[in-house]
Amino acid sequence: ESNHASLIPEEGKKKVPDLQGRSAAQSHELLRDFEATLLHMFGLQRRPRPSRSATIPRYLLDLYRLQSGEAEDAGAPDIAFEYPERSASRANTVRGFHHEEHMEKVTEKVTEKRPRHREAPPLRFLFNLSSIPEDELLSSAELRLYRHQIDEAAGGAPSGQEEGLHRINVYEVLKPPPPPAAGGPGGGSGQLITRLLDTRVVHHNASRWESFDVSPAVLRWTLERLPNHGLAVEVLHLNATPRHQDKHVRVSRSLHQGADEDWEQLRPLLVTFGHDGKGHPLTRRAKR
Amino acid sequence: SPKQRGRKRNRNCRRHALYVDFSDVGWNDWIVAPPGYQAYYCHGECPFPLADHLNSTNHAIVQTLVNSVNTNIPKACCVPTELSAISMLYLDEHDKVVLKNYQEMVVEGCGCR
Chain A
24 ESNHASLIPE EGKKKVPDLQ GRSAAQSHEL LRDFEATLLH MFGLQRRPRP SRSATIPRYL
84 LDLYRLQSGE AEDAGAPDIA FEYPERSASR ANTVRGFHHE EHMEKVTEKV TEKRPRHREA
144 PPLRFLFNLS SIPEDELLSS AELRLYRHQI DEAAGGAPSG QEEGLHRINV YEVLKPPPPP
204 AAGGPGGGSG QLITRLLDTR VVHHNASRWE SFDVSPAVLR WTLERLPNHG LAVEVLHLNA
264 TPRHQDKHVR VSRSLHQGAD EDWEQLRPLL VTFGHDGKGH PLTRRAKR
Chain B
4 SPKQRGRKRN RNCRRHALYV DFSDVGWNDW IVAPPGYQAY YCHGECPFPL ADHLNSTNHA
64 IVQTLVNSVN TNIPKACCVP TELSAISMLY LDEHDKVVLK NYQEMVVEGC GCR
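If you read the protein sequences in the order shown, they are chains A and B. For the first sequence, our numbering begins at 24 and goes up steadily by one. For the second sequence, our numbering begins at 4 and goes up steadily by one.
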């Protein structure tokens, strides 16, 4: 290819000793071109330069371990979830996205059918999916939310089965709130128009990750190129006196009591499954 | 002698071990896993009188033997004949974490072509 140096000497034209005879600068340039060729093969436009703050979500590391068979190694840590065979069987690429925290908003939401019996500040999450290449077609996506067991002893009188229930609703934001300048009272708050994607009732007596299917929204943003106004998550403590409201599901740094590092591992994670037509899907592989 | 014949067989085209260590090539800052992998490579002689891409049917071989071999035909090369994929977990140019399956990363078999 015209713009890639061919590092393999062509017969008759260059002899390997010539290669040795190049100046250090020329060799360096050749190596850089060689690296560019390899990175291009990996689908990377340039050499990644990870920032210090880059975090590897534990979920993706565990996915890699399950897929590559490393999870079967003696002494390998237990992995608390089932390998998503169905999603992975149609994908050769899995990507993880954290939301743009600086754009997190608490907004008031109106939906047509659901009765309003409690004000719960839903959180809106915006995910920058622009790094997904054009040729990668997504087949599914999940939003993972971490919920932390509520310690009954600390929380006062133990909740009965009924009282410890929380409903988690995940919506696609169809119409964002108007910008603060033109928006309603309290700058930045405004009305969302949303569509319910997934919902689940959980009891706060367990700490675990919950996975919500957000495929319809993410596929609309990527395949149909429709505007990405993000997702909205609403957590309701289904109790007459919601004293554990906002204490169970980790949806915002401000609600998280632990250290910052913990938050980086416990914050909401959007995972996409896609295929770029090159190679086999990420089905689980027996250890080599 | 058996020893002589053994040494000759070692020179023939076969797969050789080659461990690619990502820290050796300075990629361990953005490749999270694996730290490296056994890629293998093919090397060795292809002592076949006829290049595979020429008409190697029995009939052609008999005809060629009768009419002797044209030594100008290029020799067969020892190349990968079967490759397999590995998955890699890495940080891309946008600091996003990606788990991807890359095909043709490991040589599973070599042959003369």
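Each residue gets a CB set at the ideal place from its N, CA and C atoms; glycine is no exception.
In the pairwise beta carbon analysis, the stretch 289 to 296 of chain A is classified as touching the stretch 105 to 125 of chain A: at least three pairs are separated by under 8 Å. In terms of CA proximity to Ala164/A, Asp221/A leads the group Asp221/A, Asp96/A, Glu257/A, Ala48/A. DSSP, read as helix, strand or coil, puts Phe296/A in strand.
Across the set Arg307/A, His303/A, Arg308/A, the C-alpha of His303/A shows the shortest separation from the C-alpha of Gln106/B. Taking 9 Å as the Cβ-Cβ cut-off, the stretch 234 to 262 of chain A has no residue approaching chain B. Secondary structure note for Asn70/B: its alpha helix (DSSP H) is the uninterrupted segment 61 to 70. Shown here, Tyr93/B sits in a strand according to DSSP, grouped into three states.
Beta-bridge annotation (DSSP): Thr60/A is not paired with any residue.
For Leu166/A, no Cβ of chain B is located within less than 9 Å of the residue's own Cβ.
In this structure, the CA atom of Leu289/A is about 15 Å from the CA atom of Glu123/A. With the criterion set as a beta carbon lying under 7 Å from some beta carbon of chain B, the members of the stretch 104 to 117 of chain A are Asn115, Thr116, Val117, in sequence order. Arg69/A reaches chain B at Glu96, counting residues in chain order whose Cβ is nearer than 7 Å. Under a criterion of Cβ atoms nearer than 8 Å, no residue of chain B is adjacent to Phe148/A; the nearest Cβ is some 15 Å distant. Between Arg18/B and Cys80/B, the gap from beta carbon to beta carbon reaches 9 Å or more. Between Asp98/B and Pro73/A the beta-carbon gap is near 6 Å, inside 8 Å, which marks them as a contact. The straight-line gap separating the alpha-carbon atoms of Phe65/A and Arg218/A is approximately 37 Å. For the stretch 62 to 92 of chain B, the set of positions with a beta-carbon nearer than 7 Å to some beta-carbon of chain A reads Ala88, Ser90, Leu92 in chain order.
Under the three-state reduction of DSSP output, Gln41/B falls in the strand class.
For Glu247/A, there are no CB contacts under 6 Å within the same chain when 5 residues up- and downstream are skipped. In its chain, beyond the 5 residues on either side, Gly92 have a beta carbon closer than 6 Å to the beta carbon of Ala309/A. Residue contact with chain B for Glu95/A: absent (no Cβ-Cβ distance below 9 Å to any residue of chain B). Leu21/B is outside the set of residues whose beta carbon lies under 9 Å from a beta carbon in chain A. Around Tyr43/B, the same chain offers Arg18, His19, Ala20, Leu21, Val109, Val110 as residues with beta carbons nearer than 7 Å, after the five sequence neighbours per side are excluded.
Put simply, the CB of Glu107/B is near chain A, with a gap under 9 Å to one of its CB atoms. Taking Pro156/A as the centre and dropping the five residues before and after it, the same chain places the C-beta of Gly66, Asp299 closer than 8 Å to its C-beta, in chain order.
Taking C-alpha positions only, Trp33/B is separated from Phe150/A by approximately 22 Å. The shortest C-alpha to C-alpha distance from Val101/B to any of Glu58/A, Ala103/A, Ser154/A, Pro239/A is the one to Ser154/A. Residues of chain A whose Cβ lies closer than 7 Å to the Cβ of Asn31/B do not exist; the shortest such Cβ separation is about 11 Å. Neighbours of Leu83/A in chain B, taken as residues whose beta carbon is under 9 Å from its own, are Val35, Leu92, Val100, Val101, Leu102 in chain order. Proximity of Arg55/A to chain B, defined by a Cβ-Cβ separation below 9 Å, is not satisfied. Spatial neighbours of Ala94/A in its own chain (CB-CB distance under 7 Å, excluding positions within 5 residues in sequence) are listed in chain order as Arg88, Ile102. About 6 Å separates the beta carbon of Asn15/B from that of Glu48/B, a gap short enough to meet the 8 Å contact definition. With a cutoff of 9 Å on beta-carbon distance, His171/A and His260/A are scored as not near each other. Rounded to whole angstroms, the separation of the alpha carbons of Ile64/B and Asn70/B is 10 Å. Annotation for Ser230/A: no alpha helix (DSSP H) segment contains it, and DSSP assigns it neither H nor E.
Counting every other CB atom within 10 Å of its CB across the protein chains shown gives Arg231/A a total below 16, marking it as exposed.
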